[in-house]
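Worksheet: one structure, shown below.
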Amino acid sequence: MTLLSTFRQLVKEMQRSEAEGYQQASLSEQKVDGEDFIQTDVCPKAGDFILDLGCGTGELSAYLAKLVGPKGKIIGVDPDEERIQLAKESHSQIENLSFVEGSAINFPGIGAEVYDIIFSNHALHWMSNKQQVFNNMFDSLKVGGKVAVQYMSYLPLFDYNAYVLLNPENAERIFRLFHLESKTKIERYCLSAGFEIIRSFDTHCKGLVFETVQELLEWQWSGTYGVFDPSLVTEERLQKYLAPYTDEDGKLSLDFRGTKHEKVTASRLKAVKKDKEHS
Ligand SMILES: C[S@@+](CC[C@H](N)C(=O)[O-])C[C@H]1O[C@@H](n2cnc3c(N)ncnc32)[C@H](O)[C@@H]1O
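Take the sequence shown: its position 121, counted from the start at 1, is 121 in UniProt numbering, and no numbers get skipped.
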């Protein structure tokens, strides 16, 4: 069986929605990066009230809920109806966690200075009008509250090539899904909203390793809300795409954490809403 027919078979057999595919794929990718970000930079405290903006299927919201304990509370917000539904079903047993369909311009507590932390993992680059997004976050945090955002400021080459080489028919549509902006611009939006930046830096992605081609293709499919179409991937296209990741002995390595091929980096930003008198 070729790689491609194996993948086709997998897609046929799984019969799962993009949201379910996303949930599965993100467990080994964005969840790894997100948990690292939470542990090293976000550092939530027991009792914190946190908004997880662009929570997807809620795995990190659930992790945050555990960290803030029973006196804390997490609200996960995402505009994707299916992902929010799946988040609710998957984490219904966690009492201090709730999920709401919404967005960066429409979420519970907007403008009400109620949150201790507004957290967002790999979602900012999906949002347009980022100045508005930062203004909303600022107005929704308590004085002394923090915003902690991990985002992409560019499209990694392995993603770019996947769209262009494996899905040329849909590449333009896929590119239009993203709202990528430089770190300098993001910092400017953050400062203009009134925040004081504590840290803004790039870090190697820690979760970007795919065990199989199927896993990588499923990631592309579910991560683009199904716009990346596996049925357009031909054997010839796949061979061209995989060539840089294959050594002389034919061994494939789909590891993008910075050890072998591309060193994919994400940007992290942590900023505080200071009391006006002390800023
Ligand atoms: C790559 S996923 C990340 C999900 C989750 N934070 C994680 O780390 O697994 C990006 C999420 O941002 C959401 N999103 C897109 N536009 C948004 C907006 N304007 N406001 C809030 N969330 C948005 C998407 O629906 C998607 O679930």
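Here a beta-carbon is modelled for each residue, glycine too, at the ideal position from N, C-alpha and C. Since the model is a prediction, treat every value here as computed from it, not as a measurement.
By the CB criterion at 8 Å, His122 and Leu180 fall outside the cutoff.
Proximity of the beta carbon of Ser153 to ligand 1 is not indicated: no heavy atom of the ligand is located closer than 7 Å. Here the stretch 156 to 171 makes no contact with the stretch 102 to 117; the two share fewer than three CB pairs at distances below 8 Å. Counting only runs of 3 or more residues that sit fully inside the stretch 144 to 211, the beta strand (DSSP E) segments are 196 to 204, in chain order. No Cβ-Cβ contact shorter than 8 Å links Val147 with Asp275.
In this structure, DSSP gives Asp52 an extended state, which the three-state scheme calls strand. Within the UniProt domain "Methyltransferase" (46 to 153), the complete beta strand (DSSP E) segments at least 3 residues long are 49 to 53, 73 to 78, 97 to 101, 115 to 121 and 141 to 151, listed from N- to C-terminus. Sequence-distant Cβ neighbours of Gly47 in its own chain, meaning closer than 6 Å and more than five residues away, are Lys71 and Gly72.
Fully enclosed alpha helix (DSSP H) runs of no fewer than 4 residues occupy 213 to 223 and 235 to 242 of the stretch 208 to 244, in order along the chain.
Under the DSSP assignment, Val32 falls in the alpha helix (DSSP H) whose first and last residues are Gln30 to Phe37. Of the residues assessed, Ser92 falls on the exposed side of the cut-off, its CB having fewer than 16 other CB atoms within 10 angstroms.
About 5 Å separates the CB atoms of Leu51 and Ile75; that is less than 8 Å, so the two are in contact. As computed with DSSP, Lys270 is found in a beta bridge with Ala148 and Arg199. For Asp41, the three-state secondary structure derived from DSSP is helix.
For Lys251, no pairing in a beta bridge is given by DSSP. The residues Glu82, in chain order, have a CB closer than 7 Å to that of Ser17 in the same chain once the five nearest residues on each side in sequence are set aside. In this structure the stretch 242 to 261 does not lie against the stretch 190 to 199, because fewer than three pairs of beta carbons, one per stretch, are closer than 8 Å.
Using a cutoff of 7 Å, the CB of Cys55 counts as near ligand 1, since one of the ligand's heavy atoms is closer than that. Taking a C-beta distance under 8 Å as the contact criterion, Ser200 and Lys185 do not qualify as a contact pair. CA-to-CA, the gap between Glu215 and Asp78 works out to about 24 Å.
Between the alpha carbons of Ile94 and Glu236 lies a distance of about 47 Å.
By the beta-carbon neighbour count (other beta carbons within 10 angstroms, threshold 16), Gln150 is buried.
Each of Asp80, Val32, Lys31 and Gly58 was checked against the Cα of Thr224, and the nearest Cα belongs to Asp80.
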